[in-house]
Amino acid sequence: MFGVTTSDDYRPVAWMGRYPVDVTTMLVGLHVAVAILTAILVAFFRGPILAYLVFDSAAVWPGGQIWRLFTYAFVHAPTASGLLWLAVEMYMLFVFGREVERFIGRRAYIALYLVLLLLPAVVLTLWGLWTPTAIATSGALHFAIFVAFATIYPNVELFLRIMAKWVALILAAIGTLSMLAAHDWQTLVVLWTSIGAAFLFIELRGAGPELAWWSSLKARIGPKPKFHVVQNTRARRVVDPDDVYTSIDPILDKISKFGIGSLTANERRQLDRERDRLLKKSE
């Protein structure tokens, strides 16, 4: 069953008493700690501290300041608006990031976060060969985490009973229109690079919704079978009811948590198949 972690990745990294500490919780703590430290340093030293952390293609490419590829996302301006937006980001990361981590597993979640952190910076570095680029925000990164959640659970109802997929599209449209109006091409590229990376990462793991165009594309670029497979006509092994229950347990857990509307087309077919098997077994 796709999207289900059966290894130790499904478990928290550590425990604080009765409370689990997962990768998402550690990321939230890291962002908050850096924001507090930045505010203290700015208050007492008043130097250009943030200037050494933001992404600047001119400093990365010829200057060799590689750390900027990572640190730009941890730059949170110690202003009222900056800290308020940080609080919103951390809330969304904590709520939706934990669900993504639980669904795809710890290692895959770390890989997703690193891709969303590095890919926009790499794109801007290449862009910087023609014109200087700069960025200092984690907004697109954490919005992409929400996009990953909406890709896994597209039909989950969120704010005002609007499905997650529509919330993601609405927020993406608002950001796109505002950046177009401001001619902020760099931020627009970062936004859609992050959205595309999050969506493709989840789809490539088979955990997203079934899309006709995506299935057609994979069929075209994927390897073609060299042999014709003939189905065995011999009697198949009767499925043990315990095996059936095990295979649909993750689906039942998902229904109990998010409702039957959260199931993808593949999960609905799996549930129907297992139900038919149980009915035939009972007869």
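Under the working numbering, think of the first position of the sequence shown as 1, with each following residue one higher. In this text, a Cβ means the ideal position worked out from N, Cα and C, and glycines have one as well.
**residue 95 versus residue 56: straight-line alpha-carbon distance, rounded** = Counted from its first residue, the sequence shown places residue 95 at position 95. Counted from its first residue, the sequence shown places residue 56 at position 56. Cα to Cα, the separation comes out at about 31 angstroms.
**Request:** Give me the Cα-Cα distance between residue 284 and residue 192, rounded to the nearest whole angstrom.
**Result:** Residue 284 cannot be examined here, being either before or after the span of the chain that is shown, 1 to 283.
**Request:** Decide if residue 240 is buried, meaning its Cβ has at least 16 other Cβ atoms within 10 Å, or exposed.
**Result:** Mapped onto the sequence shown, residue 240 falls at position 240. Because residue 240 carries a pLDDT of 49, less than 50, the predicted location of this residue cannot be relied on, and the following value inherits that uncertainty. Residue 240 comes out exposed.
**Request:** Could you have a look at residue 255 and say whether DSSP puts it in helix, strand or coil?
**Result:** Your numbering for residue 255 matches position 255 in the sequence shown. Looking at residue 255 - three-state DSSP - the assignment turns out to be helix.
**Prompt:** How about residue 99 and residue 40: are their beta carbons less than 9 angstroms apart?
**Reply:** Here residue 99 refers to the residue found at position 99 when the sequence shown is read from its first residue. Here residue 40 refers to the residue found at position 40 when the sequence shown is read from its first residue. Result no, Cβ atoms of residue 99 and residue 40 do not sit closer than 9 angstroms.
**9 angstroms Cβ cutoff met for residue 34 and residue 120** = As a first step, residue 34 must be located in the sequence shown, where it is residue number 34. As a first step, residue 120 must be located in the sequence shown, where it is residue number 120. No, the pair does not count as a contact, with Cβ atoms beyond the cut-off.
**residue 141 vs residue 87 beta-carbon contact at 9 angstroms** = As a working note, residue 141 is residue 141 in the sequence shown. As a working note, residue 87 is residue 87 in the sequence shown. The answer is no: Cβ separation not under 9 angstroms.
**Prompt:** Are residue 197 and residue 144 touching if we call contact CB-CB under 9 angstroms?
**Reply:** Here residue 197 is taken as the residue at index 197 of the sequence shown, counted from 1. Here residue 144 is taken as the residue at index 144 of the sequence shown, counted from 1. Yes, the pair counts as a contact, with Cβ atoms nearer than the cut-off.
**Message:** Between 280, 37, 24, 18, which has its C-alpha nearest residue 107's C-alpha?
**Reply:** Working through the sequence shown from its first residue, we reach residue 107 at position 107. Per the Cα distances, 24.
**Asked** Apart from the five residues on each side of it in sequence, which residues of its chain come closer than 6 angstroms, Cβ to Cβ, to residue 235?
**Response** What you label residue 235 is simply residue 235 of the sequence shown in a count that begins at 1. With a pLDDT of only 49 at residue 235, under 50, the local geometry of the prediction cannot be trusted, and the value read off the model is given with reservation. Here the set comprises nothing.
**Asked** Would DSSP call residue 40 helix, strand or coil?
**Response** Locating residue 40 in the sequence shown gives position 40, where the first residue counts as 1. Residue 40: helix per DSSP, three-state reduction.
**Request:** Count the other CB atoms, across all protein chains shown, that sit within 10 Å of the CB of residue 254; report buried if there are 16 or more and exposed otherwise.
**Result:** In the sequence shown, counting from the first residue as 1, residue 254 sits at position 254. With 16 or more Cβ atoms within 10 Å of its Cβ, residue 254 is classed as buried.
**Message:** Quick check on residue 153: does DSSP put it in helix, strand or coil?
**Reply:** Start at 1 with the first residue of the sequence shown, and residue 153 comes out as number 153. Coil.
**Spatial distance of residue 171 from residue 184 (CA atoms)** = As a first step, residue 171 is located in the sequence shown; it is residue number 171 there, counting from the start. As a first step, residue 184 is located in the sequence shown; it is residue number 184 there, counting from the start. Taking the straight line from one Cα to the other gives about 17 angstroms.
**Request:** Under 6 angstroms Cβ to Cβ from residue 65, same chain only, skipping five residues before and after it: list those, please.
**Result:** Within the sequence shown, residue 65 is the residue found at index 65, counting from 1. For residue 65, where only same-chain residues beyond five positions count, the Cβ hits under 6 angstroms are 59.
**Of the residues 103, 92, 174, the one placed nearest residue 158, counting alpha carbons only** = For the purposes of this step, residue 158 is taken as the residue at position 158 of the sequence shown. Checking every option, the nearest Cα to that of residue 158 belongs to 92.
**Among 160, 109, 164, nearest to residue 202 - alpha-carbon criterion** = Here residue 202 corresponds to residue number 202 of the sequence shown, with the count starting at 1. Comparing Cα positions, the closest option is 109.
**Message:** Need the endpoints of the beta strand (DSSP E) that residue 20 sits in, please.
**Reply:** Position 20 of the sequence shown holds residue 20. Its beta strand (DSSP E) spans residues 19-21.
**Message:** Let me confirm a value: residue 252 is counted as buried when at least 16 other C-beta atoms fall within 10 Å, else exposed. Which label applies?
**Reply:** Taking the sequence shown and counting its residues from 1, the one referred to as residue 252 is at position 252. Answer is exposed; the Cβ neighbour count stays below 16.
**Request:** Could you check how far apart the C-beta atoms of residue 288 and residue 76 are, in whole angstroms? I think they sit under 8 angstroms.
**Result:** This structure cannot settle anything about residue 288, because the visible part of the chain is limited to 1 through 283.
**Prompt:** Taking all protein chains shown into account, do 16 or more other C-beta atoms lie within 10 angstroms of the C-beta of residue 22, making it buried, or fewer, making it exposed?
**Reply:** Translated into the one-based positions of the sequence shown, residue 22 becomes position 22. With 16 or more other Cβ atoms within 10 Å, it is buried.
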